[in-house]
Amino acid sequence: EPEVTQTPSHQVTQMGQEVILRCVPISNHLYFYWYRQILGQKVEFLVSFYNNEISEKSEIFDDQFSVERPDGSNFTLKIRSTKLEDSAMYFCASSALAYEQYFGPGTRLTVT
Amino acid sequence: QQQVKQSPQSLIVQKGGISIINCAYENTAFDYFPWYQQFPGKGPALLIAIRPDVSEKKEGRFTISFNKSAKQFSLHIMDSQPGDSATYFCAASYSGAGSYQLTFGKGTKLSVIP
């Protein structure tokens with residue numbers, strides 16, 4: 004069964020450093036998403052991406068964040084200058100028909 | 251108006267019992283209501299989902315009941331098993347903004363005891 008994959012599983016970085024989180028969505032899916040989950044809290048929407056552009060973003064997704072689909076298979080989330088409060092699990096999700104979103108296993112980002 | 255309120259925060263059920271988790275929403279534009287199951291250290295897994303044109307959907311031991319007038323929906327897990335012990339999130343989505351972003355509830359930690 005096709006799955007969304009994410010790398011790395013755990014990323015430790017120092018405050019102010021740039022990080023890139025990578026995702027490989029399910030191959031025939033057209034809609035891509037990033038969500039985050041701070042430990043013990045609910046999953047929060049960051050950004051959606053369709054037809055090679057951002058379709059919607061939340062207030063969390065400020066100028067420090069960017070997304071890219073560099074090669075038709077990968078989908079990346081970049082955080083330019085990480086802050087302590089960026090520490091969270093970051094989930095990539097994809098969907099074929101907009102509604103049914105399938106999540107990857109997540110990348111745990113720890114900012115020290 | 252974008253919130254989805256979920257209760258209870260935690261739930262302990264005996265093996266074989268029925269687990270019931272409730273959610274309420276305010277935004278009447280929501281038109282898709284999934285439930286996700288999450289095990290520790292894993293991503294949320296789509297469990298079952300419903301559209302507002304039906305009042306109930308059943309898949310195996312999992313049933314969603316939907317009350318459009320009350321803007322509430324619930325997940326029932328029949329014959330609960332220890333393997334069902336996980337955190338369950340309700341969510342809601344709508345197509346108005348063209349992105350189908352999911353708004354999640356805060357989650358319910360279910361423990362099924364033998």
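Quick mapping for you: the protein sequence lines, in order, are chains A and B. For what it's worth, our numbering labels the leading residue of the first sequence as 4, then goes sequentially. For what it's worth, our numbering labels the leading residue of the second sequence as 251, then goes sequentially. For every residue, glycine included, the Cβ atom is placed at its ideal position computed from N, Cα and C.
Please state the DSSP three-state secondary structure of residue i.
i              : result
P294 (chain B) : coil
E384 (chain B) : Nothing can be reported for residue 384 (chain B), as the shown portion of chain B is limited to 251 through 364.
L87 (chain A)  : helix
P332 (chain B) : helix
P364 (chain B) : coil
F52 (chain A)  : strand
F39 (chain A)  : Looking at the sequence shown, residue 39 (chain A) is not Phe but Arg. In this structure, R39 (chain A) counts as strand in the three-state DSSP scheme.
N317 (chain B) : strand
Y286 (chain B) : strand
Y350 (chain B) : coil
H32 (chain A)  : coil
R72 (chain A)  : coil
M92 (chain A)  : strand
Under 8 Å Cβ-Cβ, which residues of chain A neighbour residue i?
i              : result
Q351 (chain B) : Y36, F48, S51, E59, S61
If we count the other Cβ atoms within 10 Å of its Cβ and call it buried at 16 or more, is residue i buried or exposed?
i              : result
M328 (chain B) : exposed
D303 (chain B) : exposed
A342 (chain B) : buried
V15 (chain A)  : exposed
T278 (chain B) : exposed
So which residues on chain B does residue i lean against when the C-beta distance must stay under 7 Å?
i              : result
G109 (chain A) : G293
Show which residues of chain B have a CB atom less than 8 Å away from the CB atom of residue i.
i             : result
E4 (chain A)  : Simply none; closest approach about 11 Å.
Y93 (chain A) : Correct list: empty, because the minimum Cβ distance to chain B is about 10 Å.
E56 (chain A) : Residues of chain B passing the Cβ test: none, with the nearest at roughly 11 Å.
Pull up the CB-CB distance for residue i and residue j, whole angstroms please, since I reckon it's below 8 Å.
i              : j              : result
D89 (chain A)  : V70 (chain A)  : The Cβ separation is near 15 Å, so there is no contact.
I271 (chain B) : Y338 (chain B) : 6 Å
L80 (chain A)  : L24 (chain A)  : 5 Å
G357 (chain B) : Q256 (chain B) : 7 Å
S97 (chain A)  : F48 (chain A)  : About 14 Å; that fails the 8 Å criterion.
What residues from chain A crowd round residue i, counting only those whose CB sits closer than 7 Å?
i              : result
F354 (chain B) : K45, V46
Applying a beta-carbon distance threshold of less than 9 Å, which residues of chain B neighbour residue i?
i             : result
F1 (chain A)  : This structure gives no information on residue 1 (chain A), because the portion of chain A shown stretches from 4 to 115.
E88 (chain A) : Residues of chain B passing the Cβ test: none, with the nearest at roughly 19 Å.
* Counting Cβ pairs closer than 8 Å, one from the stretch 96-107 of chain A and one from the stretch 54-72 of chain A, do we hit at least three? -> no
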